[in-house]
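These notes are about the structure you will find just below.
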Amino acid sequence: MHRAIISGNAVPHYSSAMHWIDVGTNLTHDSFDRDRSAVIERARGQRVLQMIVTGASVAGSVAAVELARLHPGTLFATAGVHPHHAAQLGVSDLAALRALLTRPEVVAAGECGLDYHRDLSPRELQLRAFEWQLRLAADTGKPVFLHQRDAHQDFLAVLREHRRTLTAAVAHCFTAGERELEDYLALGLSIGITGWLCDERRGAHLHALLPRIPAARLLLETDAPYLLPRDLRPKPKSRRNEPMYLPHVAAALAAARSETLEQCAAYTSANARAFFALPAPLS
Ligand SMILES: [Zn+2]
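Its first residue numbered 271, the sequence shown is counted upward by one per residue in this note's numbering.
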């Protein structure tokens, strides 16, 4: 019944004042090499007026900053090293990461955290890279874009130790359960919601949890090109997700919380602007 507020499956219609901010897009991904500018324009056409490009490695963060510089006021970047790539982060890279974090286009540290689901980097190196990045975030005063999978206890222990030094932090792509949510909210984290919500097999449990999250803590992200909302109709020919589908994710969030799309747009955009200290969007 969570589709009650919007009619049918079409992209919802909304007033021109409404707009959205996608706080997690991987727009440097090579699947966007052919048509990156068109992807950004399509997003803007759906009133997704600002997007934050996730940096997941040092080189990827440099690329994210370069892309953001080409689209001032519309694209912003994060600078960090994903736990998958933690083994590649050495002490000698920290100066470069710190320099990136002081750039005006860079609005957060990360994506950083722990991923024991795939264990692509040894856990002790994941922990080391995570702590380094939290210290850089604290030193530069930037909020943190956090990734956690199957590592809740260690993640929580590290965060508890550093939380008071951090200006703000978001648990990006939240897909976990009640206990993790309670722990995150107790630590004052924001919660990033993706199209995982639109997957009736994997995301059903989230619908009951969403009304319990204070509106001020919610942020929206597509994680494009990953996590194409499973219930999009018509289904795009490619499996590639795009920031233009953010309002579709928002519609699922709004329905789960018994809100209107306008309300959802207003608070999620205000939250993103405050969290990442974004300027007003160009409309
Ligand atoms: Zn992630």
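For glycine and all other residues, C-beta sits at the position ideal for the given N, C-alpha and C.
| query | Since residue 523 contacts residue 467 with CB under 8 Å, what's their CB separation in whole angstroms? | reply | Taking the Cβ atoms as the reference, residue 523 lies roughly 6 Å from residue 467, within the contact range of under 8 Å.
| field | Extent of the continuous alpha helix (DSSP H) run through residue 415 | value | That residue, residue 415, is in no alpha helix (DSSP H); its beta strand (DSSP E) goes 414-419.
| message | Quick check: is any heavy atom of ligand 1 less than 6 Å from the C-beta of residue 417? | response | True, at least one ligand heavy atom lies under 6 Å from that Cβ.
| Going by other Cβ atoms of all chains shown within 10 Å of its Cβ, with 16 needed for buried, is residue 508 buried or exposed? | exposed
| said: Once DSSP output is grouped into helix, strand and coil, what is the label at residue 297? | reply: DSSP, read as helix, strand or coil, puts residue 297 in coil.
| With DSSP run on the structure shown, which of helix, strand or coil describes residue 514? | Here residue 514 sits in helix by DSSP.
| Just to confirm, does residue 443 get its C-beta within under 6 Å of one of the non-hydrogen atoms of ligand 1? | Taking the Cβ of residue 443 as the reference point, at least one heavy atom of ligand 1 falls within a distance shorter than 6 Å.
| said: Quick check on the burial criterion: 16 or more other C-beta atoms within 10 angstroms. Buried or exposed for residue 505? | reply: Residue 505 comes out exposed.
| Taking Cβ to Cβ, would you say residue 489 is nearer than 7 Å to residue 440? | yes
| request: Thinking residue 552 and residue 343 are a contact (beta carbons under 8 Å), I'd like their distance in whole angstroms, please. | output: 5 Å
| request: With a cut-off of 8 Å on the beta carbons, I'd call residue 313 and residue 321 a contact; round off their distance for me. | output: 6 Å
| Under three-state DSSP, which class holds residue 274? | Only weak support exists for where residue 274 lies, its pLDDT of 38 falling under 50; the value from the coordinates is given anyway. Reduced to three states, the DSSP call for residue 274 is coil.
| query | Taking C-alpha atoms, which residue in 464, 532, 433 and 473 lies nearest to residue 454? | reply | 433
| Contact check, residue 408 vs residue 356, beta carbons under 7 Å | no
| query | So what does DSSP say about residue 440, is it helix, strand or coil? | reply | strand
| task | Output the boundary residues of the beta strand (DSSP E) element that contains residue 453. | result | Counting along the chain, residue 453 falls outside any beta strand (DSSP E), though it belongs to the alpha helix (DSSP H) covering 448-456.
| query | Hey, does residue 476 have any beta-carbon neighbour from chain D nearer than 7 Å? | reply | Although the question refers to chain D, the structure presented lacks it and comprises just one protein chain.
| task | Could you give the DSSP three-state label for residue 404: helix, strand or coil? | result | Look at residue 404 here: in three-state DSSP terms it is helix.
| message | Does residue 329 come out as helix, strand or coil in the three-state DSSP assignment? | response | Here residue 329 sits in helix by DSSP.
| query | Does the beta-carbon of residue 222 have 16 or more other beta-carbons within 10 angstroms, so that it is buried, or is it exposed? | reply | Absent from the model: residue 222. The displayed extent of the chain is 271 to 553, so no value can be given.
| Do you know offhand how far residue 341's Cα is from residue 294's? | When rounded, the distance between both Cα atoms is 16 Å.
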